[in-house]
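Numbering (the UniProt record's numbering), first residue to last: 1 to 442.
Cβ coordinates follow ideal geometry from the N, Cα and C atoms, glycine included.
All values reported here derive from a predicted model rather than from experimental measurement.
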């Protein structure tokens, strides 16, 4: 073990120690609904031109930069409109910062461009957007998307059985683990479902009523909770997205007399449920718990004062004390006047990992990118906490496995299933505000 390896291991230990001491759990959800109202980003017009990057002709690109270098265009499907647009807006901001960081250094002597499409927060919109990018523009790598069900639909309908690399910037559904060709930046939701199960049991609750959104996200998290929970599940039913009322769900949960209620749904749906529970006078009937998708300032704004006090939620987090994350926060605040969420950090890292794969690959094709995209994130390599550091290793002749990109969201370490390592933070509502109640590394 050389001195640089010692420093790399120490750096990773510091990050993990910081996580144990306390992480920033940043509201939002992959596959969830918006944490706050948001505009629809840049309308899906894209900030890079269309290209033929997936045509398979070696160093194929789609144009030249002003300085004469090649432009390497990848695709991005994001939720720029619809119920997930708040996450899309944060993704856009993380993407913008990452793209500037990449192009300040360059990719194979050229530039990275991102051709973008709006999925409208729906599976149908996602498939249509991906078809435009993959089938018409020929991108070899696709970042997309927010909702787990939408990401899955894109993979199954467009990406599967092709060489195109797909990296989801926000999806957490455990079911994505069964699709090794679909990579992602945030940790699997199975970890949060297991954490919720443990919290419910540790808090002494022997029975649970669970309501889950009727899609891949809700179903897979619900299944993971059931598999982990030792108590009795007395209500375990789905509900549809976007309904005007969920009083039937709340009434059914109340009729069970369960010790705890678990909500695996999206923020707009949960906000409606919490209001109707208050109207029905049943908010104190059971202890409330939720996944990442139910936490957000708009939820508290919609709920009557104090009605959610005591509720606990588990969300993905980032190591707040890591130097590269702090630099990201500073840049984000300087540009946009607010702190980033973990979801914008994941979007940032999706762009950087994509650029590193392009730099490391022998050619700009999906097959070549797929061979190296995991390698540039794994701990066997030399740790690099920025695109510039990782690029230097590759530019000086290093192989993909010589690089361990540790992102602003923390260590990534993509495994054979396309899943990263990750951190989770527990929040509890106290005096109608979220307070940190512990951390989990998984």
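Specify the secondary structure class of residue 210 as computed by DSSP and reduced to three states.
strand
For residue 466, tell me which candidate among 119, 383, 432, 346 has the shortest Cα-Cα distance.
Examination of residue 466 is not possible in this model, given that the chain is present from 1 through 442 alone.
Residues that residue 428 bridges to, as DSSP identifies them
312, 435
Any idea what DSSP makes of residue 272, helix, strand or coil?
helix
Mind listing, in chain order, the continuous beta strand (DSSP E) runs of no fewer than 3 residues lying wholly within the segment 312-352?
312-318
Alpha carbon to alpha carbon, how far is residue 308 from residue 296?
12 Å
By Cβ distance, which residues of its chain are closer than 6 Å to residue 175, with the 5 residues on each side in sequence left out?
216, 220
Measure the alpha-carbon distance for residue 318 versus residue 342 and round it to whole angstroms.
6 Å
Would DSSP call residue 157 helix, strand or coil?
helix
Taking three-plus beta-carbon pairs below 8 Å as touching, is the segment 170-189 in contact with the segment 130-139?
no
Residue 122 - DSSP class collapsed to helix/strand/coil
coil
Residues in the same chain with beta-carbon distance under 6 Å from residue 41, minus the five sequence neighbours each way, listed in chain order, please.
Because residue 41 carries a pLDDT of 30, less than 50, the predicted location of this residue cannot be relied on, and no value is offered for it.
Every unbroken alpha helix (DSSP H) inside the segment 194-254 [4 residues or more]
216-228
Just the C-alpha distance for residue 106 and residue 417, rounded to the nearest angstrom, thanks.
29 Å
Let me confirm a value: residue 375 is counted as buried when at least 16 other C-beta atoms fall within 10 Å, else exposed. Which label applies?
buried
Return the chain-ordered list of same chain residues with a C-beta closer than 7 Å to the C-beta of residue 390, the five sequence neighbours on each side being excluded.
356, 376, 384, 403, 405
Express the C-alpha separation of residue 302 and residue 435 in angstroms, rounding to a whole number.
18 Å
What span of residues does the alpha helix (DSSP H) with residue 133 cover, start to end?
Segment: none, residue 133 is in no alpha helix (DSSP H) and carries neither H nor E.
Give the DSSP-derived three-state secondary structure of residue 377 in the structure shown.
helix
Check whether the Cβ atoms of residue 159 and residue 166 sit closer than 8 Å, and answer yes or no.
yes
Does the distance from the C-beta atom of residue 250 to that of residue 282 stay below 8 Å?
yes
By DSSP's criteria, residue 482 is part of a beta bridge. Which residues make up the other side?
The question about residue 482 has no answer, for the chain in this structure spans 1 to 442.
Please name the residue or residues paired with residue 503 in a DSSP beta bridge.
Since the first and last residues shown for the chain are 1 and 442, residue 503 lies out of range.
What did DSSP end up calling residue 111 once you bin it into helix, strand or coil?
strand
Identified DSSP bridge partners for residue 87
Partner(s): none; residue 87 has no beta bridge.
Nearest by alpha-carbon distance to residue 252: which of 99, 259, 316, 237 is it?
237
Given 8 Å, three or more beta-carbon pairs between the segment 258-269 and the segment 202-216
yes
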